[in-house]
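Asks: Going by full-length UniProt numbering, the first residue of the sequence shown is number 1, and it counts up by one from there.
Let me give you the structure first, and then I'll get to my questions.
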Amino acid sequence: MSDPIDPRREFLRDALLGLTAEAKTLPGKYLWDETGSDLFDQICHNPDYYPTRQEMALLPRVAAELAARVRPGVTVVEFGSGASRKIRTLLDALPEPAAYVAIDISGAYLEDAIRRLAPDYPDIAMVPVCADYTKPVQLPVAAGPGGILGFYPGTSIGNFAPPEAALFLERVRATLGPSLFLVGADATVEPERLQRAYGGADGLMAAFHRNILVRLNRELGADFDIDNFRHVIELYPDPQRVEAHLVALRPATYRLGDQAIAFAAGERIRTDTSHKYAPSVFQSLASQSGWRPRTLWQAEEGDFNLHLLESTGG
Numbered sequence: 001m002s003d004p005i006d007p008r009r010e011f012l013r014d015a016l017l018g019l020t021a022e023a024k025t026l027p028g029k030y031l032w033d034e035t036g037s038d039l040f041d042q043i044c045h046n047p048d049y050y051p052t053r054q055e056m057a058l059l060p061r062v063a064a065e066l067a068a069r070v071r072p073g074v075t076v077v078e079f080g081s082g083a084s085r086k087i088r089t090l091l092d093a094l095p096e097p098a099a100y101v102a103i104d105i106s107g108a109y110l111e112d113a114i115r116r117l118a119p120d121y122p123d124i125a126m127v128p129v130c131a132d133y134t135k136p137v138q139l140p141v142a143a144g145p146g147g148i149l150g151f152y153p154g155t156s157i158g159n160f161a162p163p164e165a166a167l168f169l170e171r172v173r174a175t176l177g178p179s180l181f182l183v184g185a186d187a188t189v190e191p192e193r194l195q196r197a198y199g200g201a202d203g204l205m206a207a208f209h210r211n212i213l214v215r216l217n218r219e220l221g222a223d224f225d226i227d228n229f230r231h232v233i234e235l236y237p238d239p240q241r242v243e244a245h246l247v248a249l250r251p252a253t254y255r256l257g258d259q260a261i262a263f264a265a266g267e268r269i270r271t272d273t274s275h276k277y278a279p280s281v282f283q284s285l286a287s288q289s290g291w292r293p294r295t296l297w298q299a300e301e302g303d304f305n306l307h308l309l310e311s312t313g314g
C-alpha cells in the first residue's frame, strides 16, 4: 500500500492547481484551520447569518422527534463537527447514546471542542477523527446497539455542486452503512438576505476568506500581500448559489512553491461556494445516492431545512 500524501504537499499541490488555472480558485476545505474555524464560529453568532439562527430554533423539535425513533445505544457521527455545539441538542435528547464520533479537518480545533464537550457527557465515548470528510472515511468504532445516526448540520452540503453533493452522499452511505442521516440544507434565494449573511458587514466573513492566504504564507512560504485582496460575493442562478471571491486591488506577482502567480487588478480567486437546495432538489440527489428521504423539517422563519435520510446498506 502506498503512503498517504503529506498534508503540506497536498495543500501546495491543490493551491498551485487552482491558482494557475484560467479562473483562479482555492479549495474551500483549506478555509478550515484553527483560525478559520474560530472566525466562522464568531460568524455564526452574527444575527445577519440566518442559517445558524434558523437551525438552532428548529433543532430541538427535530431532536425530540428523533428520540422517539432512535434506539438506546446509538452511535452519533457528525461530519464537519466544528465547535461541537449543535450536537449537544441531539445528545441531550437521544436515549443513552453510546458514542459520539466527531469528524473535522482542523485537528487542533477538533481536540479543543472534544475537551470542552466530554466532561458534560461522561457516559458517552468521545471519538475525535481528524480527516477530510469529502473523501472516504473509515469509522474507528463499530456501530452501537442502537445503530448509527449521521449528522451533517448547517449549510455545508451547499459547498458541493449537485454532482459533487451526490458523490458526497454516496461516500457517507458507504461510511455509515445501515443508518439514519440528518442533513441541513438551505433553500434561501432572497438576494438581500444572502448579501447580509455572506457579505458580512462586520468584517468577519472577509477575515475568514482572507485567512486562506494567511495559511499559504505561513504554511507554504508564499508571499501574498493580504491587504491587496478584498472579499466580495456574487449571486448566481441555475444552480442557485453564492460564490465568495478575493479580488486583487492592484496588479501583483506572488511566489508559491516554485511558481510565480500573477494577478491583474480586479482578478479574483474563488474561495467558496454555497449552493441553495430546494427540498425537492435535495431529496432527488439523496435518492440518486441510495438514500431514502424519510422526514423533512422546515424552519418556521426562513428556508432552512433538516432532512432525515435512511440507508439499509453500504
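Note that beta-carbon positions come from the ideal geometry of N, C-alpha and C, so glycine has one too.
All figures in this text were calculated on a predicted structure; none of them were measured in a lab.
Under a Cβ-count criterion, where at least 16 other Cβ atoms within 10 Å of its own Cβ denotes burial, should residue 266 be classed as buried or exposed?
Replies: It counts as exposed.
Asks: Go ahead and label residue 300 buried or exposed: buried means 16 or more other beta carbons lie within 10 angstroms of its beta carbon, across all protein chains shown.
Replies: Result: exposed.
Asks: How many whole angstroms separate the CB atoms of residue 80 and residue 41, which I take to be in contact at a CB cut-off of 8 Å?
Replies: Between residue 41 and residue 80 the Cβ distance is about 12 Å, and since that is not below 8 Å, they are no contact.
Asks: For residue 1, does the count of other Cβ atoms within 10 angstroms reach 16, so buried, or fall short, so exposed?
Replies: Low local confidence applies: a pLDDT of 35 at residue 1 is under 50, so the model's placement there is unreliable, with the coordinate-based value given in what follows. Result: exposed.
Asks: Could you pull out every unbroken alpha helix (DSSP H) segment of at least 4 residues lying fully inside the segment 20-97, listed in chain order?
Replies: List check, alpha helix (DSSP H) in window: 34-43, 50-67 and 87-93.
Asks: Would you mind stating whether residue 101 and residue 137 have Cβ atoms separated by less than 7 Å?
Replies: Against a cut-off of 7 Å, the Cβ pair of residue 137 and residue 101 comes out as no contact.
Asks: Helix, strand or coil for residue 119 per DSSP?
Replies: If DSSP states are grouped into helix, strand and coil, residue 119 belongs with the helices.
Asks: Tell me the residue span of the beta strand (DSSP E) that contains residue 250.
Replies: Run containing residue 250: none; DSSP gives neither H nor E here.
Asks: Does DSSP classify residue 243 as helix, strand or coil?
Replies: In this structure, residue 243 counts as strand in the three-state DSSP scheme.
Asks: State the beta-bridge partners of residue 305 as determined by DSSP.
Replies: Per DSSP, 185 and 298.
Asks: Taking DSSP as the reference, what is the three-state secondary structure of residue 139?
Replies: Note: residue 139 maps to coil in three-state DSSP.
Asks: Is it true that the CB of residue 233 sits closer than 7 Å to the CB of residue 213?
Replies: Not in contact: residue 213 and residue 233 (Cβ atoms no closer than 7 Å).
Asks: Around the C-beta of residue 104, are 16 or more other C-beta atoms found within 10 angstroms, so that it is buried, or is it exposed?
Replies: Answer is buried; the Cβ neighbour count reaches 16.
Asks: Could you name the residues of the same chain whose beta carbon sits closer than 7 Å to that of residue 36, not counting the 5 residues immediately before and after it, in chain order?
Replies: The residues are 208 and 211.
Asks: Quick one: any contact between the segment 158-165 and the segment 188-204, if contact means 3 or more CB pairs under 8 Å?
Replies: No contact exists between the segment 158-165 and the segment 188-204.
Asks: Under three-state DSSP, which class holds residue 161?
Replies: The answer is coil: DSSP assigns residue 161 none of H, G, I, E or B.
Asks: Starting from residue 145, follow the beta strand (DSSP E) in both directions and report where the run begins and ends.
Replies: Per DSSP, residue 145 belongs to no beta strand (DSSP E) and is neither H nor E.
Asks: Once you ignore the five residues that flank residue 19 on each side, which residues in its own chain have a CB closer than 6 Å to its CB?
Replies: Here the set comprises 261.
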